[in-house]
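Chemist: Questions regarding the structure given below will be posed in turn.
In this note's numbering, the protein residues as written are 9 to 630.
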């Protein structure tokens, strides 16, 4: 009860202000008035007493004082003020059922300020009582009124929550449109935007057509309605309706939202057509079939999102000879404007001869640095191991870390990483202590960890897969060496270490198993599945909805590769040569991976993202 009393006390303090402008909860003019509102002057003694009782926690006494005053002053605006305050008091203590009759009477007051405030409170009560339709109807006339900041927030909250719950979507859209036109800023713009999208999905096409003409051009409510109309027009292939809705969205600030941009792109595709075909050379059978499947699903989702060229798929089986035959068949179709794939360096080399002769740009999904040597039209979308090591070492040096060591499995990949790491540390001006190899599949790492701890090096590259990292990191802690990031070392710790992890070490499950041992570790990733970026969230949700599982990095690469080609075509680079030249010049797209463009060297134009482990999430490091 004390907490409820404090809420009423705040209201009482506001009402007791002597200033004309400060006295009004509603913002009214301070100029000359024919009739002074009861809200603008000192209250009658009985109302002042009721406020004091409420502020002191005597809610029953306050209610009785208000009721007695109302009985004795029937037909006056002062009685309306008492009804307003009594209703507000009941609402503050969670008794909206009792508040409604008082507020409904105050709502009919001859005093405009009292009537508006009563409507505002009444709408909030109706919403609390489970009647969003009536709440919207009640507050709708208030949308064009001038309110204090606090009351604007209350009005917005009522409108947004009611819009989320109502079946009367038309009223909700109109109210929000008027609110925005009045200059009232939503306290939670993202939630307000979501409410608009939800309202637009609830209306019929007939209602959408009427509202499209009625709502203010370019404003968010009209943009939400235009999205509804555009989706319908695309479904029924109504070119005229597509033009109108797409033009409205182009003129709206909503075009900044990726989902809107994608829908407009699909509209452009319908209107103007696309004579091109994008080839996909992927291993859909054999050892690499899972990678091929993910890449293809990413491409297909991109086309579904944005429209764009048809995708013609050929299975390489991971076999160079099969790849050569597949690409010859594909290139024979003169409509193929670009080829996405293959995956390995050997199959890329097999495909490059045919694409080079035809002048077709080929975007390979090989991580080999040398893959672009196969031809001037060959691009590499994936980051190489050197790219990742360079990015992590650079960030480590920025933090003042200088002494590096690598713990790696003694096989081809591990030895390659050790060699490249030595080079990148030297190039960055660091000190490379040594590489510590261990047999592949090792399960006990104590002796190898001790070897590292015998050195003075404290920056440790862990060059293995996630399951192995989950064994290695706790071993360091067991030997007295902790990675704590920005935290404090445990009392029993003997020294601090800093971990670096290339992308093959990452798995979403890794932090759930070993996060306490990896705090502050730096991880180089081309794609982070938990990124909060708007496009990433859309991609993740759309992929899970369509394919029933979370996307992995290769699905993201396929998505971005197709979108990069499609976006470049839409920019007017519609021959094989001009498309190749545009890609070399840095034609870009907003990506879900870190690859937004390709460079003149025909690899990723910018380094991979580096993340720091913070609790059970990754925080991007700039």
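For each residue, glycine too, the CB sits at the ideal point set by N, CA and C.
Distance, Cα to Cα, residue 569 vs residue 590?
Modeler: Translated into the one-based positions of the chain shown, residue 569 becomes position 561. Translated into the one-based positions of the chain shown, residue 590 becomes position 582. Looking at the two C-alpha atoms, the distance is approximately 14 Å.
Chemist: Work out the CA separation of residue 620 and residue 160 for me, nearest whole Å.
Modeler: Walking along the chain shown from the start, residue 160 turns up at place 152. Walking along the chain shown from the start, residue 620 turns up at place 612. Spanning the two alpha carbons is a distance of roughly 40 Å.
Chemist: Determine the direct distance from the alpha carbon of residue 222 to that of residue 184, and round the result to whole angstroms.
Modeler: The residue you call residue 184 lines up with position 176 of the chain shown. The residue you call residue 222 lines up with position 214 of the chain shown. Each residue's Cα considered, the two are about 13 Å apart.
Chemist: From the DSSP output, in three-state form, read off residue 597 for me.
Modeler: Position 589 of the chain shown holds residue 597. If DSSP states are grouped into helix, strand and coil, residue 597 belongs with coil.
Chemist: If you drop the 5 nearest sequence neighbours on each side, which residues of the same chain put their C-beta closer than 7 Å to that of residue 309?
Modeler: On the chain shown, residue 309 is found 301 positions in, with the first residue counted as 1. For residue 309, where only same-chain residues beyond five positions count, the Cβ hits under 7 Å are 550, 551, 554, 567.
Chemist: Can you tell me the Cβ-Cβ gap for residue 126 and residue 150, rounded? I've got them flagged as a contact below 8 Å.
Modeler: For the purposes of this step, residue 126 is taken as the residue at position 118 of the chain shown. For the purposes of this step, residue 150 is taken as the residue at position 142 of the chain shown. Residue 126 to residue 150, Cβ: 11 Å. No contact.
Chemist: Please return the same chain residues whose Cβ sits closer than 6 Å to the Cβ of residue 383, not counting the five positions on each side in sequence.
Modeler: Here residue 383 refers to the residue found at position 375 when the chain shown is read from its first residue. Once the five neighbours on either side are set aside, the close Cβ partners of residue 383 are 360, 364.
Chemist: My parser needs the alpha helix (DSSP H) runs of 4 or more residues fully inside the region 432-499; what are they?
Modeler: Taking only runs of at least 4 residues, the alpha helix (DSSP H) segments lying wholly in the region 432-499 are 454-461, 474-486.
Chemist: Counting only the same chain and skipping the five closest in sequence on each side, list residues whose C-beta sits under 6 Å from that of residue 3.
Modeler: Because the chain is modelled from 9 through 630, residue 3 falls outside the range shown and cannot be assessed.
Chemist: Apply the 10 Å Cβ neighbour rule to residue 59 and answer buried if 16 or more other Cβ atoms are within range, or exposed otherwise.
Modeler: In the chain shown, counting from the first residue as 1, residue 59 sits at position 51. Buried: at least 16 other Cβ atoms inside 10 Å.
Chemist: Would you please state the rounded distance, in angstroms, between the beta carbons of residue 158 and residue 203? I believe it to be under 8 Å.
Modeler: Against the chain shown, residue 158 aligns to sequence position 150. Against the chain shown, residue 203 aligns to sequence position 195. So it is not a contact: roughly 21 Å between Cβ atoms.
Chemist: Starting from the C-beta of residue 454, find all residues in its chain whose C-beta is less than 8 Å away, skip the five residues before and the five after it, and write them out in chain order.
Modeler: Position 446 of the chain shown, counting from 1, holds the residue named residue 454. Around residue 454: 483, 486, 487.
Chemist: Out of 575, 75, 380, state which residue places its alpha-carbon closest to the alpha-carbon of residue 311.
Modeler: If you number the chain shown from 1, residue 311 lands on position 303. Answer by Cα proximity: 575.
Chemist: How would you write the range of the beta strand (DSSP E) that residue 140 sits in, first residue to last?
Modeler: Locating residue 140 in the chain shown gives position 132, where the first residue counts as 1. Taken as a continuous stretch (DSSP letters only), residue 140 belongs to no beta strand (DSSP E), being part of the alpha helix (DSSP H) at 140-147.
Chemist: Tell me the DSSP bridge mates of residue 423?
Modeler: For the purposes of this step, residue 423 is identified with residue 415 of the chain shown, where counting begins at 1. Bridge partners of residue 423: none, in fact.
Chemist: Should the region 491-507 be called in touch with the region 534-545, which here means at least 3 C-beta pairs below 8 Å?
Modeler: Contact between the region 491-507 and the region 534-545 is absent, because fewer than three Cβ pairs lie under 8 Å.
Chemist: In whole angstroms, what separates the C-alpha of residue 517 from that of residue 529?
Modeler: On the chain shown, position 509 is the one that residue 517 refers to. On the chain shown, position 521 is the one that residue 529 refers to. Answer to the nearest angstrom: the Cα atoms are 15 Å apart.
Chemist: Grab me the residues of residue 52's own chain with a C-beta within less than 6 Å of its C-beta, minus the 5 sequence neighbours each way, in chain order.
Modeler: Residue mapping note: residue 52 aligns to position 44 of the chain shown, counting from 1. Contacts found: 86.
Chemist: Just to confirm the assignment: which complete alpha helix (DSSP H) runs, minimum length 4, are found wholly within the region 163-196?
Modeler: Counting whole runs of 4 or more residues, the region 163-196 contains the alpha helix (DSSP H) stretches 177-189.
Chemist: With contact counted as at least three CB pairs below 8 Å, one residue from each stretch, are the region 210-224 and the region 190-200 in contact?
Modeler: Verdict: no, contact absent.
Chemist: Report the residue from 163, 210, 205 whose alpha carbon sits nearest the alpha carbon of residue 187.
Modeler: As a first step, residue 187 must be located in the chain shown, where it is residue number 179. When only C-alpha atoms are compared, the closest one is 163.
Chemist: Would you mind listing the alpha helix (DSSP H) stretches within the region 204-243 that are 4+ residues and don't spill past its ends, in chain order?
Modeler: Counting whole runs of 4 or more residues, the region 204-243 contains the alpha helix (DSSP H) stretches 213-222.
Chemist: At the level of alpha carbons, what is the spacing between residue 329 and residue 295?
Modeler: Working through the chain shown from its first residue, we reach residue 329 at position 321. Working through the chain shown from its first residue, we reach residue 295 at position 287. Going by the C-alpha atoms only, they are around 16 Å apart.
Chemist: According to the Cβ coordinates, are residue 509 and residue 602 closer than 9 Å?
Modeler: If you number the chain shown from 1, residue 509 lands on position 501. If you number the chain shown from 1, residue 602 lands on position 594. Not a contact, by the Cβ cut-off of 9 Å.
Chemist: Which word fits residue 475, buried or exposed, when buried means at least 16 other C-beta atoms lie within 10 angstroms of its C-beta?
Modeler: Here residue 475 corresponds to residue number 467 of the chain shown, with the count starting at 1. Exposed, by the Cβ-count rule.
Chemist: Taking residue 446 as the reference, give the member of 571, 426, 435, 438 with the closest Cα.
Modeler: The sequence position of residue 446 within the chain shown is 438, counting from 1. Looking at the Cα atoms, 426 is the closest of the given residues.
Chemist: In three-state terms, what does DSSP make of residue 391?
Modeler: The residue you call residue 391 lines up with position 383 of the chain shown. Correct three-state label for residue 391: coil.
Chemist: If you count every other CB in all the chains shown that lies within 10 Å of the CB of residue 403, and 16 or more means buried, which is it?
Modeler: Taking the chain shown and counting its residues from 1, the one referred to as residue 403 is at position 395. Under this definition residue 403 is a buried residue.
Chemist: For residue 386, which of helix, strand or coil comes out of DSSP?
Modeler: Indexing the chain shown from 1 puts residue 386 at position 378. Correct three-state label for residue 386: strand.
Chemist: Measure the C-alpha to C-alpha separation of residue 67 and residue 130 and round it to an integer number of angstroms.
Modeler: Numbered from its first residue, the chain shown carries residue 67 at position 59. Numbered from its first residue, the chain shown carries residue 130 at position 122. One C-alpha to the other measures close to 20 Å.
Chemist: Exposed or buried, residue 623, counting other C-beta atoms within 10 Å across all chains shown (16 or more means buried)?
Modeler: Position 615 of the chain shown holds residue 623. So residue 623 ends up on the exposed side.
Chemist: Give, in chain order, every unbroken run of the alpha helix (DSSP H) that is at least 4 residues long and sits entirely within the region 555-629.
Modeler: Listed in chain order, they are 561-578, 584-592.
Chemist: Where DSSP assigns a beta bridge to residue 551, which residues make up the other side?
Modeler: Here residue 551 refers to the residue found at position 543 of the chain shown. According to DSSP, which records beta bridges pairwise, residue 551 is partnered with nothing at all.
Chemist: Going by the beta-carbon positions, is the gap between residue 226 and residue 189 smaller than 9 Å?
Modeler: As a first step, residue 226 is located in the chain shown; it is residue number 218 there, counting from the start. As a first step, residue 189 is located in the chain shown; it is residue number 181 there, counting from the start. Contact flag unset, no.
Chemist: Looking at C-alpha atoms only, which residue of 598, 97, 153 is the closest neighbour of residue 70?
Modeler: The residue given as residue 70 occupies position 62 in the chain shown. The option with the nearest alpha carbon to residue 70 is 97.
Chemist: If you run the structure through DSSP and keep just helix, strand and coil, what is residue 71?
Modeler: One-based indexing of the chain shown puts residue 71 at position 63. Helix at residue 71.
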